[in-house]
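Visitor: Numbering (our numbering), first residue to last: 38 to 315.
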Amino acid sequence: MANTIIIPTLFEKEVIRNRDIKNVFFKHTNSDYTGTLRSSGDTVTVQTLPTLSFASGTAGAAITATNFVITSENLVIDQVEQLLVRITDEEKTQSNLALTMKVAERFAEAEARLFDEAVRDQILVTQIADIPTANKLDIGLPITLTPALAYTSILNLSEALDNQNVEETGRIAFVSPNFANNLMQSGFLDASDKGLDTRFKGFMGMVNGVKIVKTNALTPSKEVIMLQNGAVNMVVQLNNLDVRKGTDGFYENLMAEVIFGLKIFGENAKAIAIQYIA
38 MANTIIIPTL
48 FEKEVIRNRD
58 IKNVFFKHTN
68 SDYTGTLRSS
78 GDTVTVQTLP
88 TLSFASGTAG
98 AAITATNFVI
108 TSENLVIDQV
118 EQLLVRITDE
128 EKTQSNLALT
138 MKVAERFAEA
148 EARLFDEAVR
158 DQILVTQIAD
168 IPTANKLDIG
178 LPITLTPALA
188 YTSILNLSEA
198 LDNQNVEETG
208 RIAFVSPNFA
218 NNLMQSGFLD
228 ASDKGLDTRF
238 KGFMGMVNGV
248 KIVKTNALTP
258 SKEVIMLQNG
268 AVNMVVQLNN
278 LDVRKGTDGF
288 YENLMAEVIF
298 GLKIFGENAK
308 AIAIQYIA
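#1: For the pair the segment 265 to 273 and the segment 172 to 182, tell me if three or more CB-CB distances fall below 8 Å.
#2: Give the secondary structure of isoleucine 191 by DSSP, where H, G and I count as helix, E and B as strand, and everything else as coil.
#3: With a 10 Å radius around its C-beta and 16 neighbouring C-beta atoms as the bar for buried, classify phenylalanine 144 as buried or exposed.
#4: Would you report the Cα separation of serine 195 and glutamate 146, rounded to the nearest angstrom?
#5: Just curious, the beta strand (DSSP E) that glutamine 84 is in, first and last residue?
#6: Where are the beta strand (DSSP E) runs, 3 residues long or more, that stay fully inside the segment 247 to 295, in chain order?
#7: When DSSP labels each residue in this structure, what does isoleucine 168 get in the three-state scheme?
#8: Helix, strand or coil for glutamate 205 per DSSP?
#9: Just checking my contact of valine 156 with threonine 66 at CB under 8 Å: how many whole Å lie between their CB atoms?
#10: Check for me: the alpha helix (DSSP H) holding glutamine 131 runs from which residue to which?
#11: Would you report the Cα separation of asparagine 218 and lysine 251, rounded to the nearest angstrom?
#12: Looking at glycine 207 and glutamine 265, is the spacing between their C-beta atoms short of 7 Å?
#13: To which residues of the same chain is glutamine 312 closer than 6 Å at the C-beta, ignoring the five residues directly before and after it?
#14: For the beta strand (DSSP E) that glutamine 312 lies in, which residues bound it at each end?
#15: Distance cutoff 7 Å, beta carbons only. Does serine 213 sit that close to anything in chain D?
#16: Under a three-way DSSP split, which group does asparagine 60 fall into?
#17: Buried or exposed, going by whether 16 or more other CB atoms sit within 10 Å of the CB of valine 203?
#18: Assuming serine 223 contacts alanine 185 (C-beta within less than 8 Å), just tell me the rounded distance between them.
#19: With DSSP collapsed to three states, give me the class of phenylalanine 237.
#20: Leaving aside the five residues before and after leucine 112 along the sequence, list all residues of the same chain whose C-beta is less than 6 Å from its C-beta, in chain order.
#21: Considering Cα atoms alone, identify which of Val140, Val247, Ala268, Thr103 is closest to alanine 293.
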């Protein structure tokens, strides 16, 4: 017998449960500011302390003063995304599917894709200029991918973060399925802590202390992105899900609205490196 009941609370639980296993980029963002923004408007301001360096001098001579300039940066909630699916009573009655779960699965997939693409675009488009030039490998002449170069790219990206004094722990490399394919042909399995037990989605293993994660969010653009966990800040202020009975017919509207914002704060940009691939 067809499932003809869609309960709002059940629908919401199914969406949340399904979404949790589908995010790749999003679950490695810093969401610490979420609670603050939910209760205090649409902007959070953080202060960044300057980097200080010693300079050579002469004993007993006057020391040149360094200004201690604190910079302020804002994360603004400015993105609104919406989705509405209408299901008629006829569809519910005739369907042999558990519609609550099936619709929730598609909502979850759409939202996971939305969040991952938002994080990707924040890095590759919106704030690409903030990432140090030395961290953008082969940007002028992208490499032609081979198994050997795939493995070398992971090492080179890690070296770029080393040169920026980025802590070694918590590094993640996000790669496309094509890159992952080349990486596994390059002797990756011998160097991976997962060996033959690699997965086809998500976490593949670790190379040189770097967690390797596969995502089709990078299929179109092909870049490899390595970052330290939490380098991108993302706040989801509202994540509304609702089911409402139609007022002018026999149907139900399944609706979702997400309001969020992203920001890579100045110092965190040093913790992101990109390998460009032709």
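By construction, the Cβ of each residue, glycine as well, lies at the ideal position given by its N, Cα and C atoms.
Guide: Once the coordinates are examined:
#1: no
#2: Along the sequence shown, read from residue 1 onward, the residue named residue 191 stands at position 154. Here isoleucine 191 sits in helix by DSSP.
#3: The count along the sequence shown starts at 1 and reaches residue 144 at position 107. By the neighbour-count rule (16 or more Cβ atoms within 10 Å), phenylalanine 144 is buried.
#4: For this step, residue 195 is matched to residue 158 along the sequence shown. For this step, residue 146 is matched to residue 109 along the sequence shown. Rounded to the nearest angstrom, the two C-alpha atoms are 31 Å apart.
#5: Within the sequence shown, the letter at position 47 stands for residue 84. From DSSP, the beta strand (DSSP E) with glutamine 84 extends over 80 to 85.
#6: 247 to 251, 261 to 265, 270 to 282
#7: The sequence position of residue 168 within the sequence shown is 131, counting from 1. Coil, per DSSP.
#8: One-based indexing of the sequence shown puts residue 205 at position 168. In this structure, glutamate 205 counts as coil in the three-state DSSP scheme.
#9: Here the question's residue 156 lines up with position 119 in the sequence shown. Here the question's residue 66 lines up with position 29 in the sequence shown. 6 Å between Cβ atoms; contact.
#10: Your numbering for residue 131 matches position 94 in the sequence shown. From DSSP, the alpha helix (DSSP H) with glutamine 131 extends over 126 to 131.
#11: If you number the sequence shown from 1, residue 218 lands on position 181. If you number the sequence shown from 1, residue 251 lands on position 214. Cα to Cα, asparagine 218 sits roughly 10 Å from lysine 251.
#12: Numbered from its first residue, the sequence shown carries residue 265 at position 228. Numbered from its first residue, the sequence shown carries residue 207 at position 170. Closer than 7 Å, so yes.
#13: Working through the sequence shown from its first residue, we reach residue 312 at position 275. Correct list, in chain order: Leu174, Ser190, Leu194, Val261.
#14: Here the question's residue 312 lines up with position 275 in the sequence shown. Run containing glutamine 312: 309 to 312, per the beta strand (DSSP E) assignment.
#15: Within the model displayed, chain D is absent; a lone protein chain is all it includes.
#16: Position 23 of the sequence shown holds residue 60. Note: asparagine 60 maps to coil in three-state DSSP.
#17: Here the question's residue 203 lines up with position 166 in the sequence shown. Looking at its Cβ environment, which holds 16 or more other Cβ atoms inside 10 Å, valine 203 is buried.
#18: To locate residue 223, count along the sequence shown from 1; it is residue 186. To locate residue 185, count along the sequence shown from 1; it is residue 148. The pair is a contact, with the Cβ atoms about 6 Å apart (cut-off 8 Å).
#19: By one-based count along the sequence shown, residue 237 stands at place 200. Confidence is the limiting factor: at phenylalanine 237 the pLDDT is only 42, short of 50, which leaves the residue's position unreliable, though a coordinate-based value still follows. Coil, per DSSP.
#20: Taking the sequence shown and counting its residues from 1, one reaches residue 112 at position 75. Counting only Cβ-Cβ distances below 6 Å, and skipping sequence neighbours, we find Val81, Asn270, Gly298, Lys300.
#21: The residue labelled residue 293 in the question sits at position 256 within the sequence shown. If we check each option's Cα against that of alanine 293, Val140 comes out closest.
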